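Asks: If you scroll down you'll find the structure; I have some questions about it.
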Amino acid sequence: MTSATLLLARARRVLPRPRVGGRRRRPPRVVVRSAAKKADGTIEDRLSLLHPYVAGGAAFMTAWVLGPFPGSLYTGIPSHDALVASLYDALHLAEVFGPSSLITKYNELGRLPALTHALPGAAWCVLSAWQLHPRSREVAGATWHRWGGRAMLLAAAALMWGYALIDANGLPADVHDFGGHAGGLADAIDARVYGPVPVNAVGLRGLAAWFVFTGVQTGKTAREGAFSEHKKWAARHVAAGAWVAAQRPAYSALRAVAFAGGAVGLVDDASGAESLADAFYYASYATTIAYFAAAEWAVRGEDGSGSGSRGGET
């Protein structure tokens, strides 16, 4: 050892650590909570990371429903539907994004789908983004959070009634808009496996059932005071519905790529029913898997409430 090293070692032995109450005090530790730390942290931390995507999707879906174009809320009003059809024709959008019936077909049932599915869907999106935010209970208080949750579940029940009308009247996209095509994967399964119901209908109804089930569990756990489980089911319920908002831009992106590929000869019949169905349902698969996986990742974080019965009280 050098002389400098020996002097430093002696100094460390001689200089006492500061004491507090007769005990040596350790130097304070500085903890920086980065995004990476949050990703490994509590459920609340993980929901905070995911919340911008939920809120962005909610804003997009609300604009989709309430905006003048496409304005799903106004479907069934003749002047609105004529405007959508004329814009589609003028801008040649049908070749890229499919027939205008994709966003006007609900008018076949009058105003009912718009009022029972689109409108409560927009309300559900806004409420889900607010309710899911980890700090919403702190900002609004338990009472407002509780009533917001009830309104959200009421909107979920209403939009599912609208979905039942749509499904019962043969308005899903594969049946109504794509000539019976449900995407290459579903078509291949249907060609090999005989069943009374097409696989796409089974999947769509299964998603609807999961949306209902997670909503029931969300309300049930809140009512029972099992708030640790409540926030987990709430996250799953939001994922079960919010993927629809992400599916629309994902479909548009896939269609833009397919149409460009068709223009240079890389995609055969880029504007055909099969190509449209592929983009529509592959976008649905991708967004559903992404949202469901994100929800399961979030709910497997640590419970930051400190209590399984009182944390996150609604």
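First residue of the sequence shown: 1307, per this note's numbering; consecutive thereafter.
Glycine is no exception: its CB is placed at the ideal position from the N, C-alpha and C atoms.
Remember, predicted model here, so these are calculated numbers, not experimental data.
Classify Lys1526: buried if its beta carbon has 16 or more other beta carbons within 10 angstroms, exposed otherwise.
Replies: Classification of Lys1526: exposed, given that the 10 Å Cβ count is below 16.
Asks: Any chance the segment 1552–1564 sits against the segment 1588–1596, with 3 or more Cβ pairs inside 8 Å?
Replies: Verdict: yes, contact present.
Asks: Note down the Cα distance separating Val1402 from Ala1556, rounded to an integer number of angstroms.
Replies: Approximately 13 Å between the Cα atoms of the pair.
Asks: Mind pulling the alpha helix (DSSP H) runs of 4 or more residues that sit fully within the segment 1555–1617?
Replies: Taking only runs of at least 4 residues, the alpha helix (DSSP H) segments lying wholly in the segment 1555–1617 are 1579–1605.
Asks: Any idea which residues DSSP pairs Thr1422 with across the strands?
Replies: According to DSSP, Thr1422 bridges with nothing at all.
Asks: Which partner residues of Thr1520 appear in the DSSP bridge assignment?
Replies: DSSP, once it has assigned bridges, lists no residue as partnering Thr1520.
Asks: Hey, would you say Gly1521 sits closer than 8 Å to His1543, going by beta carbons?
Replies: Closer than 8 Å, so yes.
Asks: May I have the straight-line CA-CA distance separating Glu1608 from Ser1534, to the nearest angstrom?
Replies: When rounded, the distance between both Cα atoms is 10 Å.
Asks: Does Thr1527 come out as helix, strand or coil in the three-state DSSP assignment?
Replies: In this structure, Thr1527 counts as helix in the three-state DSSP scheme.
Asks: State the CB to CB distance for the pair Ala1460 and Ala1541, rounded to an integer number of angstroms; the pair is presumed to be in contact (CB under 8 Å).
Replies: It should be noted that the sequence gives Leu, not Ala, for residue 1460. The Cβ separation is near 19 Å, so there is no contact.
Asks: Look at the alpha carbon of Gly1468 and the alpha carbon of Leu1572, and state the distance between them as a whole number of angstroms.
Replies: One C-alpha to the other measures close to 40 Å.
Asks: Where do the N-terminal and C-terminal ends of the alpha helix (DSSP H) with Tyr1359 fall, by residue?
Replies: Here the alpha helix (DSSP H) through Tyr1359 covers 1349–1372.
Asks: Please list, in chain order, all residues of the same chain as Ala1546 whose beta carbon is under 6 Å from its beta carbon, the five residues on each side excluded.
Replies: Around Ala1546: Trp1516, Phe1517, Thr1520.
Asks: Check for me: the alpha helix (DSSP H) holding Leu1415 runs from which residue to which?
Replies: Element bounds for Leu1415: n/a, residue is neither H nor E.
Asks: Could you spell out the range, first to last residue, of the alpha helix (DSSP H) harbouring Val1445?
Replies: 1442–1446 is the span of the alpha helix (DSSP H), which, as asked, contains Val1445.
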